[in-house]
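Protein chains in written order, with the working numbering: chain A, 12 to 125; chain B, 359 to 475.
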Amino acid sequence: EDKVVQSPLSLVVHEGDTVTLNCSYEVTNFRSLLWYKQEKKAPTFLFMLTSSGIEKKSGRLSSILDKKELFSILNITATQTGDSAVYLCAVGDYFSGNTGKLIFGQGTTLQVKP
Amino acid sequence: EPEVTQTPSHQVTQMGQEVILRCVPISNHLYFYWYRQILGQKVEFLVSFYNNEISEKSEIFDDQFSVERPDGSNFTLKIRSTKLEDSAMYFCASRRGTGMSLDYGYTFGSGTRLTVV
Chain A
12 EDKVVQSPLS LVVHEGDTVT LNCSYEVTNF RSLLWYKQEK KAPTFLFMLT SSGIEKKSGR
72 LSSILDKKEL FSILNITATQ TGDSAVYLCA VGDYFSGNTG KLIFGQGTTL QVKP
Chain B
359 EPEVTQTPSH QVTQMGQEVI LRCVPISNHL YFYWYRQILG QKVEFLVSFY NNEISEKSEI
419 FDDQFSVERP DGSNFTLKIR STKLEDSAMY FCASRRGTGM SLDYGYTFGS GTRLTVV
């Protein structure tokens, strides 16, 4: 059965700290790995990773994929209270019908205290 | 920035009633999806829709569920006879992707919170 596992499930840090969120996966037909931030409702896109070892960066956030060891990390440096959210990892499953469904992990809840 | 729009944002219904959740995907997107998230649990795939037909559905998407794209812009999820366990946040998503690409055009709506009482 395909699965995506995130760790830790929750994390409390103080502003300015650096955090690393983990995502491991076992998906038969891996196509890509996506990170989303979910604050109140809709997940909002952060990164899509398809190739091993290539870091994607956006401001204080960065992410990298290891397709050999089947995991990805999301780093947030100099955290701010606005980073408080649930971070979701999802794997895109290539199916013969090109459905592009996403298989989600359970999420990491990050709380950044002032 | 283009958005996926869902209505209503919150719906309360009695067990056994039919509900229709509505979505307006981004206009040049070709693939459409419904996901649900039961409170405190993972986001789960329900169904994907492409070229006016279902391309894949999960085990959750049984005969009580159906989807339609009635007029080329709306995309609806119907639950025929709601059960208490259907209470969840339902997300619509769309993506433009061509061929096998799974690009960042995958955009989620704000969700409809369905409460079955």
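By construction, the Cβ of each residue, glycine as well, lies at the ideal position given by its N, Cα and C atoms. Model, not experiment: these values are computed from the prediction.
Range covered by the beta strand (DSSP E) that runs through residue i
i        : result
A:Phe115 : 113 to 115
A:Pro54  : 54 to 60
A:Gly103 : 96 to 104
B:Phe407 : 401 to 408
B:Val475 : No beta strand (DSSP E) contains B:Val475, which DSSP labels as neither H nor E.
B:Ile378 : 377 to 382
B:Thr434 : 433 to 437
B:Arg454 : No beta strand (DSSP E) contains B:Arg454, which DSSP labels as neither H nor E.
B:Glu426 : 423 to 426
Chain A residues whose Cβ lies nearer than 7 Å to that of residue i
i        : result
B:Gly467 : Ala53
Secondary structure of residue i, DSSP reduced to three states
i        : result
B:Leu442 : helix
A:Gly118 : coil
A:Thr92  : helix
B:Thr365 : strand
B:Tyr464 : coil
A:Ser107 : For A:Ser107, the pLDDT reaches just 46, beneath the cut-off of 50, and the residue's location in the model is therefore unreliable, leaving the point undetermined.
B:Ser413 : strand
B:Glu359 : coil
B:Asn386 : coil
B:Gln372 : coil
B:Phe419 : coil
7 Å Cβ cut-off: residues of chain B touching residue i
i       : result
A:Phe82 : Per Cβ cutoff of 7 Å: no residues; A:Phe82 is ~18 Å from chain B at best.
Closer than 8 Å: residue i CB and nearest the ligand MN heavy atom
i       : result
A:Tyr47 : Looking at this structure, you won't find the ligand MN or any other ligand, since it has none at all.
Proximal residues of chain A, C-beta to C-beta of residue i below 9 Å
i        : result
B:Phe449 : Lys52, Ala53, Pro54
Amino acids of chain A, ordered along the chain, whose beta-carbon sits closer than 8 Å to that of residue i
i        : result
B:Arg453 : Gly111
Cβ of residue i within 9 Å of any chain D Cβ
i       : result
A:Leu72 : Within the model displayed, chain D is absent; protein chains A and B are what it includes.
Inset, instruction - Check distances from the C-beta atoms of the stretch 94 to 121 of chain A to those of chain B and list, in chain order, the residues that come in under 8 Å. - result: Leu99, Ala101, Gly103, Tyr105, Phe106, Gly108, Asn109, Thr110, Gly111, Lys112, Leu113, Ile114, Phe115, Gly116, Gln117, Gly118
Inset, instruction - Anything in the stretch 376 to 406 of chain B with a Cβ closer than 8 Å to a Cβ of chain A? List those residues in chain order, please. - result: Tyr389, Tyr391, Tyr393, Gln399, Lys400, Val401, Glu402, Phe403, Ser406
Legend entry - Those runs of the beta strand (DSSP E) which lie wholly inside the stretch 17 to 84 of chain A and span at least 3 residues: 21 to 25, 30 to 37, 41 to 49, 54 to 60, 67 to 69, 72 to 77
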